[in-house]
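Asks: Residue numbers (the numbering used here), protein chains in the order written: chain F, 1 to 256; chain S, 1 to 256.
Where a beta carbon is used, it is the ideal one built from N, C-alpha and C, also for glycine.
Protein chains: 2
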Amino acid sequence: MCQLLGMNCNTPTDIVFSFTGFATRSQEHADGFGIAFFEGKGARLFVDPQAALHSPVADLVRRYPIRSTNVIAHIRKATQGETRLENCHPFVRELWGRYWVFAHNGDLKGYAPHLHAAFRPVGDTDSEAAFCWLMQELAKNHARVPTPEQLTDTLTELVPQVARHGTFNFMLSNGHALWAHCSTHLHYLVREHPFRPARLQDEDLSVNFAELASPQDRVAVIVTEPLTRDEAWTAFAPGELIAFVDGQPLRRPARP
Amino acid sequence: MCQLLGMNCNTPTDIVFSFTGFATRSQEHADGFGIAFFEGKGARLFVDPQAALHSPVADLVRRYPIRSTNVIAHIRKATQGETRLENCHPFVRELWGRYWVFAHNGDLKGYAPHLHAAFRPVGDTDSEAAFCWLMQELAKNHARVPTPEQLTDTLTELVPQVARHGTFNFMLSNGHALWAHCSTHLHYLVREHPFRPARLQDEDLSVNFAELASPQDRVAVIVTEPLTRDEAWTAFAPGELIAFVDGQPLRRPARP
Chain F
1 MCQLLGMNCN TPTDIVFSFT GFATRSQEHA DGFGIAFFEG KGARLFVDPQ
51 AALHSPVADL VRRYPIRSTN VIAHIRKATQ GETRLENCHP FVRELWGRYW
101 VFAHNGDLKG YAPHLHAAFR PVGDTDSEAA FCWLMQELAK NHARVPTPEQ
151 LTDTLTELVP QVARHGTFNF MLSNGHALWA HCSTHLHYLV REHPFRPARL
201 QDEDLSVNFA ELASPQDRVA VIVTEPLTRD EAWTAFAPGE LIAFVDGQPL
251 RRPARP
Chain S
1 MCQLLGMNCN TPTDIVFSFT GFATRSQEHA DGFGIAFFEG KGARLFVDPQ
51 AALHSPVADL VRRYPIRSTN VIAHIRKATQ GETRLENCHP FVRELWGRYW
101 VFAHNGDLKG YAPHLHAAFR PVGDTDSEAA FCWLMQELAK NHARVPTPEQ
151 LTDTLTELVP QVARHGTFNF MLSNGHALWA HCSTHLHYLV REHPFRPARL
201 QDEDLSVNFA ELASPQDRVA VIVTEPLTRD EAWTAFAPGE LIAFVDGQPL
251 RRPARP
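So this is what it looks like as structure tokens:
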């Protein structure tokens with residue numbers, strides 16, 4: 001089973017602390033890793049078919065504090081598709097002049113969507129096929145970049161059509177919002193004022209966010225399994241889709 | 001003026017030696033750098049709005065010998081578009097289930113192509129607009145990945161329509177072939193058996209390829225200005241487009 005890590009912030013923030021805890025888990029997820037950072041509309045993608053524990057690319061990510069408002073990371077335990085670079089998550093495509101980044105955890109059995117438009121998989125994973133199908137259908141539903149609210153409505157209609165094929169925990173971001181969908185395991189927390197110290201679950205490393213963050217900073221961290229021991233993580237319900245904007249879940253009026 | 005570096009090989013080869021010489025030139029090209037590596041159908045893209053001389057990402061590329069059959073690198077002196085991540089070359093798009101990587105050196109004045117299909121620029125450079133237009137027109141001309149010969153014919157028709165707007169030195173690769181087009185400055189050489197030592201033009205560094213390469217290896221290196229002092233570089237003619245496959249220019253029968 002793969003693991004996912006996402007971050008959505010109201011201020012560009014580095015993910016070094018959370019990524020360090022996350023990458024430690026890659027001993028049992030030895031089939032590659034990847035991480036995508038948005039900086040404005042631009043995106044950087046680092047992928048490596050080596051395990052994050054041994055990869056020089058992961059080492060760079062741990063040492064180079066890239067400040068980003070939206071990050072999606074993935075460590076891979078191959079279920080479908082060989083351990084090749086083109087099968088490493090996250091995947092990136094361009095739509096409406098924006099980059100879209102996607103990573104998936106789970107297994108979609110016998111999933112072969114009808115891809116008739118401008119998005120085709122390069123590798124042979126179920127995950128990239130699902131991403132291409134979502135992009136194809138989003139492109140049909142909107143003529144230009146929709147608001148996070150509009151896109152959430154469209155995803156709410158599309159996602160169950162994929163999720164019925166198996167486990168579909170995923171994260172998607174366009175550099176503005178980050179959408180996370182849970183089939184089985186996904187947790188999040190919002191770090192905001194007053195900040196407190198936190199200690200990593202799997203490593204003897206702690207950080208006092210009160211010393212690092214400004215009172216107005218807000219960061220949402222979304223991850224397969226909680227990363228820290230002393231913070232209150234909220235579990236997603238199965239089937240739940242949450243859009244994160246400016247470091248918190250998007251609050252919306254109840255629909256009629 | 002930006003600088004371009006490309007490599008096309010018949011065997012996965014690391015570009016550390018050539019990139020080291022190339023990155024040295026970035027003192028006067030301080031507006032970012034980028035490099036894309038194909039490994040099979042997969043691609044890795046490293047971009048940084050910092051100059052290659054000071055970038056931790058460039059440092060990784062110099063120290064981590066990534067073996068690739070097709071590489072495109074770019075160091076940037078901004079002419080159009082701000083120094084932002086989304087304006088860093090190379091650019092990547094997917095078409096026909098393959099990644100396409102593009103980098104440009106030059107300046108296209110008043111260039112605003114009609115982009116009506118699935119490829120839109122994310123940043124605001126003339127270069128990314130030209131790439132999107134080429135992708136759009138290639139998609140119209142072929143239903144699936146064409147052979148290097150077929151794609152060369154299509155590019156031969158398309159490229160002058162862009163080049164009449166200004167300087168259009170570029171490199172394009174799909175991980176199989178690498179196309180290089182020269183408006184003003186571009187040079188190439190083929191390293192093959194018998195291999196000899198070479199000394200970098202701008203740095204006191206030499207390498208003896210005879211000790212590193214196997215007799216059957218063949219590598220084409222394409223660059224704005226020659227990288228080494230003691231090798232015979234061939235200058236492109238203005239307007240010349242060359243496709244490189246398996247480490248050498250594509251030989252083709254004369255067309256009737």
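State the start and end residues of the unbroken beta strand (DSSP E) segment that holds Asp48(F).
Replies: Taken as a continuous stretch (DSSP letters only), the beta strand (DSSP E) holding Asp48(F) covers 42-48.
Asks: Find the residues of chain F that neighbour Lys109(S), judging by a C-beta separation of less than 9 angstroms, and give them in chain order.
Replies: The contacting residues do not exist; Lys109(S) stays about 22 angstroms from chain F at best.
Asks: Determine the closest residue to Phe63(F) out of Thr154(S), Val57(S), Gly40(S), Leu138(S), with distance taken between C-alpha atoms.
Replies: According to the sequence as given, residue 63(F) is Arg; it is not Phe. Comparing Cα positions, the closest option is Val57(S).
Asks: By the criterion of Cβ-Cβ separation under 7 angstroms, what are the contact partners of Leu186(S) in chain F?
Replies: What Leu186(S) touches in chain F: nothing, since even the nearest Cβ is about 27 angstroms away.
Asks: Can you look up Gly106(F) in the DSSP assignment and give me helix, strand or coil?
Replies: When DSSP states are grouped into helix, strand and coil, Gly106(F) belongs to the coil group.
Asks: Note down, in chain order, every chain F residue with its Cβ under 7 angstroms from the Cβ of Gly40(S).
Replies: Simply Arg84, Leu85, Glu86.
Asks: Return helix, strand or coil for Pro121(S), following the three-state DSSP convention.
Replies: coil
Asks: Around the C-beta of Glu149(F), are 16 or more other C-beta atoms found within 10 angstroms, so that it is buried, or is it exposed?
Replies: exposed
Asks: Verify whether the separation of the beta carbon atoms of Asp107(F) and Thr167(F) is less than 7 angstroms.
Replies: For Asp107(F) and Thr167(F), yes; Cβs fall inside 7 angstroms.
Asks: Within the 7 angstroms Cβ cut-off, does Arg76(F) reach chain S?
Replies: no
Asks: Could one say the Cβ of Gly32(F) lies closer than 7 angstroms to chain S's Cβ atoms, at least one of them?
Replies: no
Asks: Let me know if His74(S) comes out buried or exposed under the rule of 16 or more other beta-carbons within 10 Å of its beta-carbon.
Replies: buried
Asks: Among Arg25(F), Gly32(F), Thr69(F), Asp48(F), which one has its Cα closest to the Cα of Asp246(F)?
Replies: Thr69(F)
Asks: Return the CA-CA distance between Arg120(S) and Val71(F), expressed in angstroms with no decimal places.
Replies: 23 angstroms
Asks: Return helix, strand or coil for Ser214(F), following the three-state DSSP convention.
Replies: In the three-state scheme derived from DSSP, where H, G and I count as helix and E and B as strand, Ser214(F) is classed as coil.
Asks: Assuming Tyr99(F) contacts Ala130(F) under a Cβ cut-off of 8 angstroms, what Cβ separation, rounded to an integer in Å, is found between them?
Replies: Between Ala130(F) and Tyr99(F) the Cβ distance is about 18 angstroms, and since that is not below 8 angstroms, they are no contact.
Asks: Note down, in chain order, each residue of its chain lying with its Cβ closer than 7 angstroms to the Cβ of Thr156(F), except the 5 sequence neighbours on either side.
Replies: Leu241
Asks: With H, G and I counted as helix, E and B as strand and the rest as coil, what does DSSP make of Cys88(F)?
Replies: coil
Asks: Which residue comes first and which comes last in the alpha helix (DSSP H) that contains Leu134(F)?
Replies: 126-141
Asks: Please confirm if the region 192-204 of chain S is in contact with the region 212-222 of chain S, defined as three or more CB-CB distances below 8 angstroms between the two stretches.
Replies: Because the criterion of three Cβ pairs below 8 angstroms is met, the region 192-204 of chain S and the region 212-222 of chain S touch.
Asks: Tell me where the beta strand (DSSP E) around Val207(F) begins and ends.
Replies: 206-208
Asks: Roughly how many angstroms separate the alpha carbons of Asn105(F) and Phe38(F), rounded to a whole number?
Replies: 21 angstroms
Asks: How far does the beta strand (DSSP E) with Ser68(S) in it extend, from its first residue to its last?
Replies: 68-75
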